[in-house]
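Counting along the sequence shown from 1, when you hit position 251 you're at 237 in the numbering used here, and nothing is skipped either side. A virtual CB, placed ideally from N, CA and C, is assigned to each residue, including glycine. Structure first, commentary second.
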Amino acid sequence: MIASVKMFLSHCFGAGFHMRHACKTGKRNCAQASPIRHGDGMNNRKTRLVVTAIFMALTGQQALAAEPVTIAERPAILHRSAAAGGQAAPTLIALHGGLGNADQLKSSFDLTAAADRYGFNLIYVNGTPQRRIGNRNTWNAGDCCGNAAKRQIDDVGYLEQVISHLISDGIARPGSIYLTGTSNGAMMSYRMACERNDLIAGVIAFSGPFVTGQCRNARGVRIWQLHGLQDTTVPIDGGGKGQFLMGKPFPSVEETTRFLQSGGADVTVTLLPSASHRITSMAEAMQQDNHQNMADAIGDFID
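Take a look at the structure:
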């Protein structure tokens, strides 16, 4: 059935049509930022949304509810896009910030509707709980943060297991696995890109500095770094709460970019004038400052 639908769509949209194709050559300018080099604007977005709607109508696919799963003894929330038709598809792994959790991130930054529109699978994962604080988790991104860094938890190994599980279960398509994270989750996403670039195609990082020490090898990884000019936790010029959280100032956005580029990553930076540190503020500022819907911009980034 899926093959028949693809043939139909190829007939409608041309022989070069692919179900998850997105041109990478278009450019969209951002306020006080280098160009975003992913997606090709509104025409491509409309085409992809129409294609997804046609696919779901022809196959009878319905939007699916997110479901709780356990991978490597940690709870997670998995959403399989109906538009993927039960096949392996591009997959986005979402990492919460410090003292957060998967449920909290999904509640404040729910990308399930975008996953259905753009045809990518989505999983919200959990870090390591802080002692005596309940469901408040951190990631070991190197120098930060919290219990995970103090105990040197192998979060790279954990994410490797998540990716292996998603691939073996026919959920994730190798070569099309992405990470997104906010604050400590962004730090962890950078670490994963620099240590396992063979597994990661791209990173969308919100309000996070690079705290891993060095970027060993991030060649082939596209990194979209978003930062708010009103962020006082991780200021664009560095410092902030770094001294309190890891015993030294956080690096600046410029320094973070240099670290990542030294490892070969393809880095794009977007600075949002009205955004603070919170992910909800980032999404609001993306609409206000750049006149873009954050979820759609993420959908454009994922191929």
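- Closest option to Asn203, judged by alpha-carbon separation, among Asn183, Pro221, Gly214 and Ser260: Asn183.
- Residue range Met280 to Phe287 is occupied by the alpha helix (DSSP H) that includes Phe287.
- Beta-bridge annotation (DSSP): Trp210 is paired with Ile190 and Thr254.
- By the criterion of at least three beta-carbon pairs nearer than 8 angstroms, the stretch 247 to 255 is in contact with the stretch 202 to 216.
- For Glu53, the uninterrupted beta strand (DSSP E) segment begins and ends at Glu53 to Ile57.
- The Cβ-Cβ distance between Ser260 and Asp275 falls below 8 angstroms.
- The closest CA to that of Phe192, considering only Trp125, Thr56 and Thr256, is found on Thr256.
- 8 angstroms or more divides the Cβ of Phe95 from the Cβ of Ile222.
- Here Gln200 is exposed. Its C-beta has fewer than 16 other C-beta atoms within 10 Å.
- Take the alpha-carbon of Lys227 and the one of Gln73: they are about 43 angstroms apart.
- Under the DSSP assignment, Gly71 falls outside any alpha helix (DSSP H); it carries neither an H nor an E label.
- Closest in alpha carbon position to Ile139, among Thr114, Arg159 and Met280, is Thr114.
- Counted as a single uninterrupted DSSP element, the stretch harbouring Arg137 is not any beta strand (DSSP E), since DSSP gives it neither H nor E.
- Residues Asp129 and Cys130 of the same chain have their beta carbon placed closer than 6 angstroms to that of Met232, with the five preceding and five following residues left out of the count.
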